[in-house]
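Participant: Residue numbers (this note's numbering): 1 to 578. One structure follows; several queries about it will come next.
The following block contains the structure:
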């Protein structure tokens, strides 16, 4: 017993010592603000996605790493650079962008605002697709690497259908839906788009593509139809053809562009500063007396219970229990003068969406509130914004999808293939309704339809009350149809087109804060402290670091949540517009 206790004590001591040393190492090498020299160029080397909120990171905090860039922090960093006399311009280098069109539009608008200050933006592309080209087209000078390519050739949407694949493993999707456009069930029940699905998808794609063409045509000083014909008939473009077509200004290697940006000056006289260093160096140090505005992130698939994180992929779920706690904390914080809710969610569990909606309405009675939609705020993600407060979305935001899907996956065929037999003993006419060992009986299906109809009608009523419409008017816009931000504005489903900058203006007005006053943005859910994450990790796992199995576990949790909850208020499919 003494040996066991001594070993345990030694283990804790070694772990504590290791954590302390790593923390001190991180504090030593991660502390301090970089200095920004005069006549500096801000380098925006952007790739992948820029998240709305950063997931917990034990390793990063132990090593003293900076908190990764978020969308709001990136936009505000560009705003600071605009008025910083030490920054003369931006060198923009986008690559492999994974963000949606809503975020792209907000980021491009921030860069355009930077340009309007009189400072120059120079862009350099390598192998570039439509997203990278759209963003880079904001520049005064747009260069393409001689070894690169301009892979701009139009736009397409790909939607996967799983009926035959599920059938091969003996799984039947027994799903019901309300709304001709609520096609989430279709991807599991059919092998192709219905006419309604194709109509809505085509409409969204054409709206986003039209905005893309208009923007780049204006930037390259070409008529829209000429640009459309050029891209659709001649793309993709090797470097020389891209230059001849006037899609880029010239072909340059990175070192040549850097010399041009420096204007012939030395690195000492015309230094470059990357966006991470600049963000750290210029992070605002506002006084505690500054008015506080809460930014509440409603991000991820909506589920019941606590939120969960995928430590490998960086994604998260929007847990109703976690969000209820967050909104209650914000509501009770007397220092919070107003709230911006930033939504980036395709929806999910219908009943969890309703729980969050309830807490949003309670908060709305206590604090000024504005909703800001990011890439996606659809179905349950739209539902939770139905408080009657202003809603702002980007032109390319995917929203709406007012509808409901209910059902289950019948796994009897899979069990048969595996040689598994189930014996079911039940009491009650509908006790087998949720069983994965049989399809719905006619009586069960009628009961399911009644539950769905009840929830759908309540969905319509909530939207009607918030948007000052009748349920009949909402129903014509609903039926599960997804709209772009532009279409949603035209149909009265949102109030304005814009991003976080517009939401901040509006929340100041609603909170009685002068337009010119600086405010302190307080983010919720709050980033977890190192000690909290260590305790959580110790309770749930023997390892402090993410293992490769965490990715699979996180995905299984999401699938299990969908299977457990029959009613879903979720977008019909994951639309990949490219």
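A virtual CB, placed ideally from N, CA and C, is assigned to each residue, including glycine.
If distances are taken between C-alpha atoms only, which option among 91, 152, 331 and 101 comes closest to residue 340?
Facilitator: That would be 331, whose Cα lies nearest to the Cα of residue 340.
Participant: So what's residue 371 in DSSP terms, helix, strand or just coil?
Facilitator: Residue state, collapsed to three classes: strand.
Participant: State the Cα-Cα distance for the pair residue 273 and residue 190, rounded to the nearest angstrom.
Facilitator: Cα to Cα, the separation comes out at about 52 Å.
Participant: Please check the pair residue 436 and residue 411, which I expect to be a contact at CB under 8 Å, by giving their CB distance rounded to whole angstroms.
Facilitator: The pair is a contact, with the Cβ atoms about 4 Å apart (cut-off 8 Å).
Participant: Measure from the alpha carbon of residue 500 to the alpha carbon of each residue in 228, 391, 199 and 134, then state which is nearest.
Facilitator: The candidate whose alpha carbon is nearest that of residue 500 is 391.
Participant: Pick out whichever of 213, 496 and 280 has its Cα sitting closest to the Cα of residue 34.
Facilitator: Per the Cα distances, 280.
Participant: Just verifying my parser: in three-state terms, what is the DSSP assignment at residue 505?
Facilitator: Helix at residue 505.
Participant: Could you tell me whether the Cβ of residue 513 comes closer than 8 Å to any Cβ of chain C?
Facilitator: In summary, chain C is missing from the structure at hand, where a single protein chain is found.
Participant: Using alpha carbons as the reference points, say which of 461, 371, 480 and 524 lies closest to residue 505.
Facilitator: Nearest C-alpha to residue 505: 371.
Participant: Counting Cβ pairs closer than 8 Å, one from the region 243–253 and one from the region 74–82, do we hit at least three?
Facilitator: Result no; under three Cβ-Cβ pairs closer than 8 Å.
Participant: Okay, do the region 186–200 and the region 98–117 touch, 3+ Cβ pairs below 8 Å being the bar?
Facilitator: No, the region 186–200 is not in contact with the region 98–117.
Participant: For residue 423, does the three-state DSSP call read helix, strand or coil?
Facilitator: Residue 423: coil per DSSP, three-state reduction.
Participant: Of the residues 338, 52, 307 and 484, which one's Cα is nearest the Cα of residue 323?
Facilitator: Measuring from the Cα of residue 323, the nearest candidate turns out to be 307.
Participant: If you run the structure through DSSP and keep just helix, strand and coil, what is residue 145?
Facilitator: Residue 145 falls in the strand class under three-state DSSP.
Participant: Do the region 389–409 and the region 457–467 meet, that is, are 3 or more Cβ pairs less than 8 Å apart?
Facilitator: Flag = yes, the region 389–409 and the region 457–467 touch.
Participant: At what residues does the beta strand (DSSP E) containing residue 86 begin and finish?
Facilitator: Neither: residue 86 is in no beta strand (DSSP E) and is coded neither H nor E.
Participant: Where DSSP assigns a beta bridge to residue 522, which residues make up the other side?
Facilitator: DSSP output for residue 522 lists 294 as bridge partner(s).
Participant: On the DSSP letters alone, give me the boundaries of the beta strand (DSSP E) that residue 151 sits inside.
Facilitator: Careful: residue 151 lies outside any beta strand (DSSP E) and carries neither H nor E.
Participant: For residue 131, does the count of other Cβ atoms within 10 angstroms reach 16, so buried, or fall short, so exposed?
Facilitator: It is buried - the Cβ of residue 131 has at least 16 other Cβ atoms within 10 Å.
Participant: Could you please give the first and the last residue of the uninterrupted beta strand (DSSP E) stretch that includes residue 274?
Facilitator: Element bounds for residue 274: 272–274.
Participant: Which of the three DSSP states is assigned to residue 543 in this structure?
Facilitator: The predicted model places residue 543 with a pLDDT of 37, which falls under 50 and marks its position as unreliable; any figure quoted below should be read in that light. Residue 543 falls in the coil class under three-state DSSP.
Participant: Name the two residues that bound the continuous beta strand (DSSP E) containing residue 175.
Facilitator: 172–178 is the span of the beta strand (DSSP E), which, as asked, contains residue 175.
Participant: Determine the direct distance from the alpha carbon of residue 431 to that of residue 103, and round the result to whole angstroms.
Facilitator: The straight-line gap from Cα to Cα measures roughly 46 Å.
Participant: With residue 387 and residue 494 assumed to form a contact (beta carbons below 8 Å), what rounded beta-carbon distance in angstroms separates them?
Facilitator: Wrong, their Cβ atoms sit about 13 Å apart, outside the cutoff.
Participant: Terminal residues of the continuous alpha helix (DSSP H) containing residue 203?
Facilitator: Note, residue 203: alpha helix (DSSP H), 195–219.
Participant: Look up residue 400 in the DSSP assignment and say whether it is helix, strand or coil.
Facilitator: If DSSP states are grouped into helix, strand and coil, residue 400 belongs with the strands.
Participant: When burial is assigned at 16 or more other CB atoms within 10 Å of the CB, is residue 51 buried or exposed?
Facilitator: With 16 or more Cβ atoms within 10 Å of its Cβ, residue 51 is classed as buried.
Participant: If distances are taken between C-alpha atoms only, which option among 126, 113 and 236 comes closest to residue 45?
Facilitator: Checking every option, the nearest Cα to that of residue 45 belongs to 126.
Participant: Using the Cα positions of residue 242 and residue 364, report the straight-line distance between them to the nearest angstrom.
Facilitator: Rounded to the nearest angstrom, the two C-alpha atoms are 51 Å apart.
Participant: Could you check how far apart the C-beta atoms of residue 636 and residue 180 are, in whole angstroms? I think they sit under 8 Å.
Facilitator: Past the edges of the chain, shown from 1 to 578, lies residue 636, and the structure says nothing about it.
Participant: From this set, 521, 114 and 182, which residue's C-alpha is nearest residue 335's C-alpha?
Facilitator: Checking every option, the nearest Cα to that of residue 335 belongs to 521.
Participant: Roughly how many whole angstroms lie between the Cα atoms of residue 149 and residue 133?
Facilitator: The alpha-carbon atoms of residue 149 and residue 133 are separated by roughly 11 Å.
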